[in-house]
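Novice: Below is a structure I'd like to ask you about.
There are 2 protein chains.
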Amino acid sequence: MYGTVLHAPGDIRFEQLPDPRLETPTDAIIRTVAACVCGTDLWVYRGIEPVDRPEPMGHEYVGVVEEVGGDVRTLRPGQFVVGSFAISDNTCGTCRHGYQSRCEHGAFLNTCQAEHIRIPHADGTLVAIGDPPDSRHLADLLALSDVMGTGWYAAICAEVRPGSTVAVVGDGAVGLCAVLAARELGAARIIAMSRNPARQRLALSFGATDVVAERGCEGVAIVRDLTGGTGADSVMECVGTAESLAQALRSTRPGGNLGVVGIPHTDGVDCAELISSTVGVRGGPAPVRRFLPDLIHRVRTDRIDPGRVFDLTLPLSRVADAYRAMDERRAVKALLLP
Amino acid sequence: MYGTVLHAPGDIRFEQLPDPRLETPTDAIIRTVAACVCGTDLWVYRGIEPVDRPEPMGHEYVGVVEEVGGDVRTLRPGQFVVGSFAISDNTCGTCRHGYQSRCEHGAFLNTCQAEHIRIPHADGTLVAIGDPPDSRHLADLLALSDVMGTGWYAAICAEVRPGSTVAVVGDGAVGLCAVLAARELGAARIIAMSRNPARQRLALSFGATDVVAERGCEGVAIVRDLTGGTGADSVMECVGTAESLAQALRSTRPGGNLGVVGIPHTDGVDCAELISSTVGVRGGPAPVRRFLPDLIHRVRTDRIDPGRVFDLTLPLSRVADAYRAMDERRAVKALLLP
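Here the protein sequences line up with chains A and B, keeping their order. Position one of the first sequence corresponds to residue 0 (numbering that gives the first Met the number 0), numbered consecutively onward. Position one of the second sequence corresponds to residue 0 (numbering that gives the first Met the number 0), numbered consecutively onward.
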C-alpha cells in the first residue's frame with residue numbers, strides 16, 4: 000500500500016510501505032475512507048519538533064473494517080468505523096475514569112495518512128456506526144477523530160455550562176470546533192479570537208456571538224470589557240504557544256476555568272502565574288473515545304457539522320500539497336481521499 | 000499600640016506603632032484576641048522573598064470589634080469576629096462567584112500581629128460570631144482565618160468527594176488542615192506525606208489513613224502503589240516548591256484533580272508537564288471568606304479542631320521567639336496572645 004512519511008522538515012512523501020497486518024488478537028485492519036492533516040502535524044513539518052528518522056504521519060481517519068484479530072468482540076469486517084487518534088483499551092482504571100488518551104496500555108496513532116491502518120486495541124479505540132454513513136456526513140465524522148473531539152474536550156475542561164460566557168483563543172480547526180462545542184453545551188456568549196475573515200465567518204456560523212481580532216494584552220482587555228471587567232467564565236486555549244496561553248489565562252475570570260488543548264510549546268513559561276490565578280486549568284490530549292458515541296449521534300442527527308472546518312479536499316496521493324497549503328495558511332484543514 | 004515589624008531577614012521586632020484609626024466608612028477597628036505566625040511569613044523572614052523596607056507582619060487574627068465606620072452594617076462594637084487574611088467587599092462580581100481572595104477591591108492584610116487591627120471592607124471580610132466563643136474554641140477559630148480555610152480550599156480545588164482517594168504533600172499547618180478537610184468531605188483514603196513523627200501523629204488523628212515518609216520519585220511510586228497504580232483522585236500541594244509541585248502532580252491520576260495552595264516558588268518549572276497531564280489544577284490564595292460560616296459552624300459543633308496545629312503559645316510581645324521556633328522547625332505553628 001501507499002502511505003505518508005515525513006523524511007525531514009518540509010519533506011513529505013507518499014510512498015510504498017508494507018501492508019499492515021494483524022499483530023495481536025486485539026488488532027483490526029481498516030481500509031481508510033478519509034484521512035486528513037492536523038495542525039499538530041505542522042509542528043514536525045516545520046521542524047519545531049525534531050525529526051530524527053523518517054516518520055509515518057497521520058492520526059485522523061474514518062474507514063471500513065477489513066480484518067479483525069481473534070479477541071475483537073465489537074467489530075466485524077465491512078463496518079464503517081470512527082476512531083480516536085489515541086489508542087485505548089477502554090477497560091483499564093484510567094479509561095474507566097474517562098481518560099482514554101492516558102490509557103495504561105495506550106499510545107498515539109501515527110500511520111493514518113495511508114490506504115490501510117492497523118488499529119491496536121480495536122474494541123477500545125474504534126466505534127462502529129450502525130448504518131453506513133450518508134456521504135454528506137463523511138467529513139463531519141472524520142472531524143470527530145481529533146479536532147471536534149478535542150474542541151469538545153476543551154469545552155468540558157473549561158466547564159462550559161448553560162449560560163456560560165466563553166472565549167476561544169485560536170481559530171484553527173480545533174478552535175472553531177471549540178466554538179461549536181460551547182454552543183452545544185449552552186454557552187450564552189462565545190467570543191472567538193480571530194483575525195482571518197473566512198475563519199471569523201465560520202466561527203460566527205458555529206455559534207460565536209462576538210469576534211475579537213486583537214491579540215495579547217489588547218485581546219485580553221477587550222475580552223474583559225465584554226465580560227463586565229472580570230474575564231470569561233470559560234476559556235479555551237487551542238494554539239499551544241506561550242503567548243496564547245498567557246492570553247487565555249488572563250482572559251479567564253478568577254475562579255473560572257481554562258481548557259488547554261494546544262500542545263504546549265511553552266518553554267520558559269513559569270507556572271506560578273497559572274497556579275496563583277485561582278483559575279481551574281485542565282488540558283492535554285483529549286480522551287476523544289469518551290465523547291465519540293455522543294458526537295456521532297449529534298452528527299447523524301444534523302445537530303453539529305464540524306466537517307465544515309475542511310476547506311480543501313485532495314487525493315491522498317497529493318498529501319504533500321495538503322501540508323503545504325496548511326503550512327502557508329491557505330487552508331484551515333485538508334481532507335484526503337484515497 | 001505595639002505591633003510586629005520585619006526590618007530585615009531574621010530581624011523581627013515588636014515595636015510601638017501608631018494606633019490604627021478608621022480611614023473609610025467601611026472600615027472596622029478590632030482589638031486582637033489572638034494572632035499567629037504563618038508558614039508564608041517565613042518566606043520573607045528567611046530572605047527568600049526580598050524585603051526592601053520595614054514591613055508590618057501578620058494576616059491571621061480573631062478579635063473583638065472596637066469601632067466601625069458609618070457604612071458598616073453587619074458589625075457592632077463588642078462582637079467577636081473571625082476574618083479572612085484577604086480583604087474583600089463580598090459584593091463585586093468576583094466575590095459573588097466565591098473568589099473573595101481576588102476581590103476587585105481587595106488586598107491582603109499584613110498588620111495583624113499587633114494589638115489592634117484596621118480591617119477595610121469590614122462587612123465583607125469579617126464574620127461575627129453570635130455568642131462569645133468558648134475559650135476552648137479560640138485556637139480553632141483563629142486557624143480558620145488562614146490555615147484551615149486554605150486547607151479547605153485545597154480540598155475543594157482537588158475536588159475531594161465522598162469515597163475519594165487523597166494524597167497531601169506538605170505536613171505544615173495547611174497540609175494538616177487539608178487532611179482534616181478531606182476527612183470532612185468524605186474521602187475514603189487519605190495519604191499524608193510526612194517524615195516528622197509529631198506531625199504524622201496529628202495527621203493520623205485528623206483522619207489520615209496512611210502516612211508516607213518518602214519524597215520525590217520514591218514518594219510518587221508509593222502513592223501510586225497505594226492507589227492501584229494510577230495515582231490518587233485528589234492531591235493537595237501545601238508546600239510551594241518546584242519539587243513538591245512535581246511530586247504532587249505525578250501523584251495525581253490522569254483526570255484527577257490537584258489543589259495547589261503552597262505559594263509557588265517555582266522558578267524554572269515549565270508548565271508543559273502540568274498542562275499535558277490531564278490533571279485538573281486549581282490553586283492560589285484561598286477565598287477563606289466563602290468558607291467561614293460553614294467552618295465556624297463546624298468548630299462550634301465540635302466537628303473539627305484545627306486549633307491543634309498550634310503547638311506553641313507565646314505572648315504577642317515574644318513574636319520574635321515564635322518566628323525563630325517555626326524557622327527552626329521546633330514548632331508547627333505559634334499562637335500569640337496580646
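C-beta atoms are modelled at their ideal positions from N, C-alpha and C, and glycine is treated no differently. As the structure is a prediction and not an experimental result, all values here were calculated from the model.
Counting only beta-carbon atoms, is Tyr98(B) nearer than 8 Å to chain A?
Specialist: Chain A, which has a Cβ nearer than 8 Å to the Cβ of Tyr98(B), makes this yes.
Novice: Any Cβ of chain E within less than 8 Å of the Cβ of Ala271(A)?
Specialist: Protein chains in the displayed structure are A and B, and chain E is not among them.
Novice: Do Ile274(B) and Val259(A) count as a contact pair if the criterion is CB distance below 8 Å?
Specialist: Against a cut-off of 8 Å, the Cβ pair of Ile274(B) and Val259(A) comes out as a contact.
Novice: Going along the region 273-288 of chain B in order, which residues come within less than 8 Å of chain A, judged by CB to CB distance?
Specialist: Within the region 273-288 of chain B, the qualifying residues are Leu273, Ile274, Ser275, Ser276, Thr277, Val278, Gly279, Val280, Arg281, Gly282, Gly283, Pro284 and Pro286.
Novice: Alpha carbon to alpha carbon, how far is Arg72(B) from His88(B)? Give it in angstroms, no decimals.
Specialist: Going by the sequence as given, residue 88(B) is Asp instead of His. Looking at the two C-alpha atoms, the distance is approximately 12 Å.
Novice: Against chain B, with Cβ distances strictly below 8 Å, would Arg252(A) count as a contact?
Specialist: It does; some Cβ of chain B falls within 8 Å.
Novice: Output, in sequence order along the chain, the residues in the region 204-233 of chain A whose CB is closer than 8 Å to any CB in chain B.
Specialist: Residues passing the 8 Å Cβ filter: Gly227, Gly228 and Thr229.
Novice: Taking 8 Å as the CB-CB cut-off, is Pro263(A) touching chain B?
Specialist: So yes, Pro263(A) belongs to the interface.
Novice: Does the beta carbon of Gly174(A) come closer than 8 Å to any beta carbon on chain B?
Specialist: For Gly174(A), the answer is no, since every Cβ of chain B falls outside 8 Å of its Cβ.
Novice: Hey, Asp310(A) and Ala330(A) are a contact pair by Cβ (cut 8 Å); roughly how many whole angstroms apart?
Specialist: Correct: roughly 5 Å between the Cβ atoms.
Novice: From the DSSP output, which residues share a beta bridge with Arg188(B)?
Specialist: For Arg188(B), which the question treats as bridged, DSSP gives the partners Thr164(B).
Novice: Could you name each continuous alpha helix (DSSP H) segment of 4 residues or more that falls completely within the region 2-89 of chain A, going from the start of the chain to the end?
Specialist: Counting only runs of 4 or more, we get 40-44.
Novice: Measure the C-alpha to C-alpha separation of Ala138(B) and Arg307(B) and round it to an integer number of angstroms.
Specialist: Near 8 Å, if we compare the C-alpha coordinates of Arg307(B) and Ala138(B).
Novice: Could one say the Cβ of Arg101(A) lies closer than 8 Å to chain B's Cβ atoms, at least one of them?
Specialist: Answer yes: the Cβ-Cβ gap between Arg101(A) and chain B drops below 8 Å somewhere.
Novice: Could you say which of Thr90(B), Glu65(B), Leu244(B) and Phe84(B) lies nearest to Gln78(B) if we only look at CA atoms?
Specialist: Looking at the Cα atoms, Glu65(B) is the closest of the given residues.
Novice: Out of Cys94(A), Ala113(A), Gln112(A) and Cys111(A), state which residue places its alpha-carbon closest to the alpha-carbon of His104(A).
Specialist: Here the closest residue by C-alpha is Cys94(A).
Novice: Under three-state DSSP, which class holds Asp139(B)?
Specialist: Here Asp139(B) sits in helix by DSSP.
Novice: Looking only at its own chain, which residues have a Cβ that is under 6 Å from the Cβ of Ser163(A), when we skip the five neighbours before and after it?
Specialist: Correct list, in chain order: Ala186, Asp232 and Ser233.
Novice: Would you say Val168(A) reaches chain B, if we count a Cβ-Cβ gap shorter than 8 Å as a contact?
Specialist: No, its Cβ sits nowhere closer than 8 Å to a Cβ of chain B.
Novice: State the CB to CB distance for the pair Ser246(B) and Val219(B), rounded to an integer number of angstroms; the pair is presumed to be in contact (CB under 8 Å).
Specialist: Going by the sequence as given, residue 246(B) is Gln instead of Ser. Going by Cβ atoms, the distance from Gln246(B) to Val219(B) rounds to 6 Å, so yes, they are a contact pair.
Novice: Report the three-state DSSP secondary structure of His115(A) (helix, strand or coil).
Specialist: Looking at His115(A) - three-state DSSP - the assignment turns out to be strand.
Novice: Take Asp130(B) and list the residues in its own chain whose beta-carbon comes closer than 7 Å to its own, dropping the five residues that flank it on each side.
Specialist: None.
Novice: What are the complete alpha helix (DSSP H) segments, minimum 4 residues, inside the region 250-316 of chain A?
Specialist: Correct list: 271-275 and 287-299.
Novice: What does Ile128(B) pair with, by DSSP beta-bridge criteria?
Specialist: Partner(s): Phe79(B).
Novice: Mind checking who Thr240(B) pairs with in its DSSP beta bridge?
Specialist: Answer is His264(B).
Novice: What residues from the region 76-94 of chain A come within 7 Å of chain B, judged by C-beta to C-beta, listed N to C?
Specialist: Hits within the stretch, in order: Gly92 and Thr93.
Novice: Would you check if the distance between the CB atom of Tyr44(A) and the CB atom of Gly9(A) is smaller than 8 Å?
Specialist: Yes; because the gap between Cβ atoms is below 8 Å, this pair is in contact.
Novice: Looking only at C-alpha atoms, which of Gly282(B), Pro286(B) and Leu248(B) sits nearest to Ser100(B)?
Specialist: Ranking Gly282(B), Pro286(B) and Leu248(B) by Cα distance to Ser100(B) puts Pro286(B) first.
Novice: Identify each residue in the region 131-149 of chain B for which the Cβ-Cβ distance to at least one residue of chain A is less than 9 Å, and report them in chain order.
Specialist: Listed in sequence order: no entries.
Novice: Under 6 Å Cβ to Cβ from Thr39(A), same chain only, skipping five residues before and after it: list those, please.
Specialist: These residues qualify, in order along the chain: Ile262.
Novice: Can you tell me whether Met325(B) is helix, strand or coil according to DSSP?
Specialist: Three-state result, Met325(B): helix.
Novice: In this structure, how does DSSP classify Ala231(B) when only helix, strand and coil are distinguished?
Specialist: Ala231(B) falls in the strand class under three-state DSSP.
Novice: Given a threshold of 16 other Cβ atoms within 10 Å of its Cβ, counted over all protein chains shown, does Glu236(B) qualify as buried or as exposed?
Specialist: Its Cβ being crowded by 16 or more others within 10 Å, Glu236(B) is buried.
Novice: Going by the CB atoms, is the gap between Val238(B) and Val168(B) shorter than 8 Å?
Specialist: Yes, Cβ-Cβ distance for Val168(B) and Val238(B) is below 8 Å.
Novice: Using only alpha-carbon positions, find the residue among Gly230(A), Gly62(A), Arg52(A) and Leu5(A) that is nearest to Ala166(A).
Specialist: Of the listed residues, the one whose Cα sits closest to Ala166(A) is Gly230(A).
Novice: Run through chain A and tell me which residues come within less than 8 Å of Val259(B), C-beta to C-beta.
Specialist: The answer, in chain order, is Ile274.
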